[in-house]
Amino acid sequence: MLKKIYFVILFSFPLFAQVKTSAVPFLLIGPNSRMSGMGEAGTALADDASALFWNPAGLAQLTGTEVSITHSSWLPQFQMKDLFYSYLNYRKDLPDLGGTFATSITYLNLGEFIRTDETGPEEIERFKSFEYAITVGYGTKVTDALSLGLNARFINSRLAPFGAGQEKGSGIAYDWSFDLGLLYRPQNLIIPLIDLDLEDNFSLGMNLSNLGPTVTYIDEDQADPLPTNLRLGFGYQAEFDDYNMMNVVLDFSKLLVQSGKDLDGNGIIETDRERDYNDPFYKAIITSWMDDPKSEELRSIISSIGIEYWYGNPKLIALRAGYFYEDPDFGNRRFKTFGAGIRWDIYGFDFSYIATEEEKHPLSDTLRFTLSILWDAIKP
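Okay, so the sequence shown: first residue is -11 according to this note's numbering, each after it adds one.
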């Protein structure tokens, strides 16, 4: 497995990014098996430790202490045993501070590579590539229905200990980012006009993630933006009786990256400087919606839907399914997801599976496994 080629690192990035590219796209990988089994949707659900990723505002709704760990062999179609993704998550409610604290470590191992000279296949050295992020977050209630959350994150991307060709520096970068989340769960909601009473079963979530400066490997002129991402989610929970309940979730997400700009006003993006230009994140939040005609921007929005069925009192067994859709001209990731879970006392185990519509897609047959432990939670 040592005869790998360095382009795998670059090739793997667009698989979980849209046509607009960014650095460190591993920050967009869904970290837990539960939401991954529901079409990668969870912004309005966010009711376990993984809320730190999906929507930090959901932390405010949680009590007790929880630890979870997720592992997955990433891009299994490459058949690279040392290409894997891991996520360690911890959260604890702090009643004296009126909220819940959480932290996580995200790690993507890209494997071992061989560096050769520019004129031939002679081996110079071997090196390992990996990326990781350390996140801390906090969620608190503003009202009984409205919660807010905030994350701060340190990022380290180590693609290679050297530059490409004659470039000075190295393929190692450090950066930081933060997230803002909102979750609305009304105690009673009546839809006007049709007089539909949703009671307390509806939820609305929003998460604006990975806000921060560009990522620099070699020099600032070649810096790439973070994968700033906006997620909007809707959720509905139906309880049929004491032993049967269901969650339905719907997410929409868009990468807020503005790439390329006509700097000289001639109407054409033609120079390397213009092609490589990226607005800072605080501008790209707006300008990323203006790159293309409105119809094109709407097509760049990713949609995902999922359903989760629970049996037991307390919850014992879960079955999950979902669908993830990305426009063919804006990434073309389309796949079905399936999953299941079991809870016993304070322990939980979940797994998820991706079935892509395109044969031999690198994400096809991806499995995620999550082990969680929850204690001292106040049962509703």
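All C-beta atoms in this analysis are idealised placements derived from N, C-alpha and C, irrespective of residue type, glycine included.
Per DSSP, Thr53 lies in no alpha helix (DSSP H); the unbroken beta strand (DSSP E) holding it starts and ends at Thr53 to Ser61.
Within the region 9 to 93, the complete beta strand (DSSP E) segments of 3 residues or longer fall at 53 to 61 and 72 to 82, listed in chain order. One Cα belongs to Pro350, the other to Gln65, and the distance between them is close to 5 Å. Gly27 is positioned such that its CB atom lies no closer than 7 Å to that of Phe357. By a beta-carbon distance limit of 8 Å, Leu71 does not contact Leu82. Their separation comes to about 37 Å. Taking C-beta atoms as the reference points, Asn20 and Thr58 count as a pair closer than 7 Å. By the beta-carbon neighbour count (other beta carbons within 10 angstroms, threshold 16), Glu111 is exposed. Using a Cβ distance threshold of 7 Å, Gly125 and Leu15 do not count as a contacting pair.
Close CB contacts of Asp364 within its chain, under the 6 Å cut and outside five residues either way in sequence, are with Gly52 and Thr53 (chain order). Considering only Glu346, Asp353 and Lys303, the residue with the shortest C-alpha distance to Tyr335 is Lys303. Taking C-alpha positions only, Gly300 is separated from Phe326 by approximately 20 Å. Of the candidates Leu177, Ser158, Ser191 and Asp167, Ser191 places its Cα closest to the Cα of Gly221.
Classified as exposed, Asp317 has fewer than 16 neighbouring CB atoms from the shown chains inside 10 Å of its CB. Here the alpha carbons of Ala328 and Phe337 stand approximately 9 Å from one another. A residue is called buried when at least 16 other Cβ atoms come within 10 angstroms of its Cβ; Gln225 meets this threshold and is buried. Using a Cβ distance threshold of 7 Å, Thr204 and Pro213 do not count as a contacting pair.
When C-alpha distances from Glu296 are compared across Ser60, Ser10 and Gly30, the shortest belongs to Gly30. Between Leu196 and the set Ala161, Val245, Pro180 and Asp229, the nearest pair of CA atoms involves Val245. At the C-beta level, Ala45 and Leu136 come within 7 Å of one another.
One alpha carbon belongs to Trp277, the other to Leu199, and they sit about 16 Å apart. Relative to Leu359, the option among Tyr78, Asn232 and Pro109 whose CA is nearest is Tyr78. Note that the C-beta distance between Ile102 and Ile122 is not below 7 Å. In this structure, Val12 places its C-beta atom within 7 Å of the C-beta atom of Ile143. Annotation: Ile293 to Leu177 spans about 22 Å, alpha carbon to alpha carbon. Between Gln175 and Asp132, the beta carbon gap of about 6 Å places them in contact (Cβ cut-off 8 Å). Excluding the 5 residues flanking it on each side, Phe339 has same chain C-beta neighbours closer than 8 Å at Ser21, Gly25, Gly327, Ala328, Gly329, Leu355, Arg356, Phe357 and Thr358, in chain order.
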